[in-house]
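These notes concern the structure reproduced below.
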Amino acid sequence: MRTFDYVTATDVTTALRTVAERPGAKFLGGGTNLVDLIRENVERPDVVVDVTRLPLTGIDELPGGGVRVGAGVRNSALAAHPLVRTRYPVLSQAVLNGASAQLRNMATVGGNLLQRTRCPYFYDTASPCAKREPGSGCGALGGITRDAAILGVSEHCVATHPSDMAVALAALDAVVEVESIRGTRRVPVLELYRPPGDTPHVETVLERDELITAVELPAADAAPRSRYRKVRDRASYAFALVSVAAALRLDGDTIVDARVALGGVAPLPWRAAEAERLLVGAPATEETFARAAEAELAAATPQHDNAFKVELARRTIVATLRELQEHAAAGSAA
Amino acid sequence: MTSTHNTTREPVVGAPVDRVDGPAKTTGAARFAAEHDLAGLTHAALVTATVSRGRITGIDTSAAEALPGVVAVLTHHNAPKLNPPKRVSPVNMSTMVSGTQVNYLNTDEVHWDGQPVAVVVAEHSHAAREAAALVEVTYERLPATVDFAAELPNAVLDKGNMLMPTGAKKGDADAALAAAPVVVDSEYSTPQHHHNAIEPHATTAVWHGDELAVHDATQNMAWLRAHLALRFGVPEAKVRVLAPFVGGGFGGKGFAWPGVILAVLAARATGRPVRLSLTREDVYRTVGARTPSTQRVALGAGRDGKLTALVHTAVTRKSPVGGQPEPAVTPANHLYGAANIRTGQSSVTLDWIPNTAVRAPGDAIGSFALESAIDELAYELGADPIELRMRNEPERNPIDGKKFSHRMLREAYELGAHRFGWADRSPEPGTTRDGRWLVGTGVATAYHPQLRLTANVTVRLAADGSVTVRSGLHEIGVGAATVQAQIAADALGVPFDAVHVECGDSALPEGAMAGGSMQTSSVAASVLAACRKLTRRLDTLARRSGTAGRTPAEIVAAAKVPYIEAAVGSDTRIGKAAGQARFMARTARDMRRWQKAACGAHFCEVRVDADTGEVRVSRWTGAFDVGRVMNRKTAVSQLRGGIVMGIGMALTEEAHVDPRSGRIMNPSLSGYHVPVHADIPPIDIAYLDEPDPTMPLGLLGIGEVGITGVAAAVANAIHNATGKRLRDLPITPAKLL
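Here it is, written out as structure tokens:
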């Protein structure tokens, strides 16, 4: 770890200006990932600008039924908020499935979205990693890739995006509000992340000096019947082998709206568009769920030691949809 | 022995006495090895090799040296000379203490990925770590053999020794197997495990001339002191090792790994006190681990379930630079009365840091294979797995017909089965379901052999009635000092609170290492002997001064002496050699005469998600025969902790070693999955509390027996839940799809 300056900002403009003016500057949220990366010599900023004292900690209802979440809201506060728990249970569940209580008390919404992969080769400065050092190759390929991605990978990078929260936001069509000294823009979560291609070090569409200030959750009819299911090696404090954020809206036995997003399987929160296409209009049966899952995973390209993820993802998608369908059936019967 | 001064007092041995070290730890008053602030203290950080075998061709330390606060960067170019470690000799057990045979910073050779190649000393720990990252090392890579699985065909049979036998034979097991009506013949595998004590290894070292004081996180002060004296060329008497508090060991602090050697080296080179607190990653890379293994267990039985053949062979890893083989097949010599037995141990040699003891070396992984195989045989026969075990429960040690000093496995199973409700089990796999969960139960035997070491002790009784027990024993978090205070209190007939135990300092009479579940019984034997001497002296004193019938304090006070004292063992050179000789003779006699061990029965209920293969352990009962229990609270805690560690072994723990480079890729507590609270159900612990007649106070060691058999109980329960037999640890969801 090398020494760096630490600056706190109490207004957004100052924070934006400081980072814009200093090329080696980075925004610091809860520090649950960036500080680790600095300690490991993976990130080497000259200055970190602490944005947790900015007035970005509100959770407010929007006209039209949506909800706006400030980027500085702590993960634990987001998961516990009544608006989130009642309207977007998938989001609350996703957050509570991430990390540990202590980490969730520190981590912010903005920081969670921008956390880096936990690929061991990215963390190990003795190994090549094109995400850490552009052009150095991929140490993971042919090595330990048990946790690697199976969808949307490139020959330069097979790392997964680690966030649980972002998977739920992808299913909910959330929109990210971004500010810089040049102004404010809105980016759908699904367009925030870039596939690795031949530049795996470029992970999002954000410029270095842009700050996420809020996340907007659109009003979503299906969201109350939503569920986040995370499969991992131990009961808590582990990244997903596979996770599924899903929401279903049924008319009788017919699916009229479906949202499915996957975590732990791709370099970015993976919206399962092909699965959704097959679900909508089809009867809510085990066969439909299996067909949708298989279609989504047809393009999977596992590594030598993580082929299990394809089967695990298939089963977890089916199990999550089945559970939603059973709840819906129980609800309408009551 | 009836004594003139004994008062009627409720015994404290066996009671759930709170640990005497509790208040110091909970208030933060306890100082661990990395918490000693000495005047002029400097901080060290390691630079570790990133190749598995090679030569250092260049080290550029200029950027590191230029960093403000850096005091020195030590490499093989400028480090002080260090004497090489001694070759391991079974006659002098302390030669085993060197973790490796490498002479750190005195060679340009690299023998494993992670070997320290430089040490930075700085005024602050952050400067030391930053500078360490700036040291540029270049290597000539040499061909390295690092892939355990790929190397298996090259395994070579191990030669054992008296203390670590590696194989045994009775009858012709292979012929009996070929002729057996029912056969189970399976391969099992276990990965590399790490200790993960909560306190990373740390050393604070200070030289005063040629006198060395070392605060170290060690389970083995005496051997470490001897080793440091050897490596640094000073008499043992000039070296003092202090370890009053150690934050867990599990075997990882039993031997001298590079950290402590390099901290002392850095202190000598700089003339300043040095603190070296390993990072968690350093611990993974510079401290040995538990070897991976593949094992074969073949069982032959009649239709009546009587075993006619038992074959257990294992392949483990060894290093070209030191260490001991892991005796994984020993449980098969002791557990079942098979007519024919063959056990054998082979190794592959890899360019790896030597393996070391991890809680119940050999028995933890060997019991997984053997106790899984017995369950497989029970299923083949359609027999209850407990009944099958009891049908083969031996009267004498199966491999050689020795007497058991004591063995109550049958009673442990009865006790456990009753508490767990085993009779309600559905034996047919996959038949119990609770919503999305498949539910199953399993059992396995726990078994850990008992050995003893020598321990020197003095016990002093003062005129104010206080008793001081002095012995270089190790309090590594288990309640060791508390238990010795209980033993001394009862032996002298004084209140528990009157006894103070001084420990954790090599200046005290030489104790026993905290390893192999040996420390408590070894020290207890000497404490009892010293207390007997002291009582005799007290009786004499009372007779002389006519104070018979008075309290011990009154007798001493009336005699007008400040205290009386009794010692067991001698710390002189000759005294120690004599002690070692007595120890060898007694060990040999004991081993000829008796098979001694702690044992027990694990009962486990698991729930397996029918879709995802996630396993949750939902219920546990462990019923143990551990001789007489000294302290209900700390004993239960040890047994429960062993089970927790065993659940980790069963379901989650595994070092991910890149098979191309030999580099550990998950050297952290987020990547290496020990169980979290949510993985552990309430654990019910029961014990028989029946003394072993050959042991002091009838106690048997309890530090390791808890982990043995656990992984098999879990795997057996998973089979009962799902019908799937998992033979490769850890049993992750991936393997259950």
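Chains A and B supply the protein sequences, listed in that same order. Quick note, the first sequence lines up with residues 932 to 1265 if you use my numbering. Quick note, the second sequence lines up with residues 621 to 1357 if you use my numbering. Positions of the beta carbon are idealized from the N, C-alpha and C atoms, including for glycine.
Applying the 10 Å Cβ sphere with the 16-neighbour rule, what's the burial state of residue i?
i	result
B/K1196	buried
B/R1156	exposed
B/S1091	buried
A/A1008	buried
B/R923	exposed
A/V1040	buried
B/N698	exposed
B/M621	Caution applies to B/M621, whose pLDDT of 36 falls short of 50 and renders its modelled position unreliable; the value that the coordinates give is listed next. Exposed, by the Cβ-count rule.
B/P1361	As shown, chain B starts at 621 and ends at 1357. That puts residue 1361 of chain B outside it, with no answer to give.
B/S682	exposed
B/I1194	exposed
A/P1013	exposed
B/T668	buried
B/R749	buried
A/A1229	exposed
A/L968	buried
B/G982	buried
B/D902	buried
B/S897	buried
B/H625	Because B/H625 carries a pLDDT of 48, less than 50, the predicted location of this residue cannot be relied on, and no value is offered for it.
Excluding the 5 residues flanking residue i on each side, which residues of the same chain have their C-beta closer than 7 Å to its C-beta?
i	result
B/L1259	G1242, F1244, I1305, I1322 and G1326
B/A977	G871, G874 and G1135
B/R761	V671 and G674
B/V1143	A1075, V1077, S1091, L1093, Q1104, G1131 and A1132
Just how far apart, CA to CA, sit residue i and residue j?
i	j	result
B/V861	B/D1299	38 Å
A/T945	A/L993	27 Å
B/T727	B/A738	11 Å
B/G780	B/L1073	20 Å
B/E856	B/G986	38 Å
B/T662	B/G1199	39 Å
A/V973	A/D1055	8 Å
A/V982	A/G1001	12 Å
B/P893	B/A1230	58 Å
B/V722	A/H1132	40 Å
B/A1178	B/R1163	12 Å
B/H731	B/L772	20 Å
A/H1258	A/P1051	39 Å
B/A948	B/P1316	28 Å
B/I973	B/A1043	47 Å
B/S623	B/P1313	Residue placement at B/S623 is flagged as unreliable, the pLDDT there being 44, under the threshold of 50; the coordinate-derived value follows with that caveat. The straight-line gap from Cα to Cα measures roughly 23 Å.
B/H835	B/A664	14 Å
For residue i, which residues from the same chain have a beta carbon less than 6 Å from its beta carbon, with the 5 sequence-adjacent residues on both sides left out?
i	result
A/A1265	Any answer about A/A1265 is weak, because its pLDDT of 43 lies below 50 and its placement is not dependable; what the coordinates show is given next. There are no such residues.
A/A1150	G995, G996 and G997
B/V941	T720, Q721, V722 and H731
CB-CB under 8 Å to residue i, same chain, minus the five flanking residues each way: which ones, in chain order?
i	result
B/A770	P1279
A/R948	I1112
Assess contact between the region 862-872 of chain B and the region 808-819 of chain B, defined as three or more Cβ pairs (one per stretch) separated by less than 8 Å. Is contact present? yes
At a Cβ cut of 7 Å, what residues of the region 1288-1301 of chain B count as close to chain A, listed as they run along the chain? G1291, H1293, P1295, V1296, A1298 and D1299
Using 8 Å as the Cβ pair cut-off and three pairs as the minimum, do the region 1157-1174 of chain A and the region 1224-1236 of chain A touch? no
Give me the subset of the region 1224-1255 of chain B whose CB atoms are less than 9 Å from a CB atom of chain A, sorted by chain position. D1229, A1230, D1231, T1232, G1233, E1234 and R1236
Do the region 1081-1091 of chain B and the region 1111-1126 of chain B touch if we need at least three Cβ pairs shorter than 8 Å? yes
Meets three-Cβ-pair contact criterion under 8 Å: the region 902-917 of chain B and the region 926-939 of chain B: yes
For the region 971-1004 of chain A, enumerate the residues whose C-beta is nearer than 9 Å to any C-beta of chain B, in chain order. E971 and N972
Can you find at least 3 beta carbon pairs, one from the region 1005-1019 of chain A and one from the region 1132-1144 of chain A, that sit closer than 8 Å? no
Inter-stretch contact (C-beta, 8 Å, three-pair minimum) for the region 1220-1231 of chain B and the region 1051-1064 of chain B: yes
Kindly confirm or deny that the region 1025-1034 of chain A and the region 980-997 of chain A touch, where touching means at least three C-beta pairs closer than 8 Å. no
Any C-beta of chain A within less than 9 Å: which residues of the region 750-772 of chain B qualify? E750, A753 and L754
Tell me, please, whether the region 1190-1197 of chain A touches the region 1087-1096 of chain A by the rule of three or more beta-carbon pairs shorter than 8 Å. yes
Between the region 1048-1055 of chain B and the region 988-998 of chain B, can you find at least three pairs of beta-carbon atoms closer than 8 Å? no
Per the contact definition of three or more C-beta pairs closer than 8 Å, is the region 1207-1226 of chain A in contact with the region 1326-1336 of chain B? no
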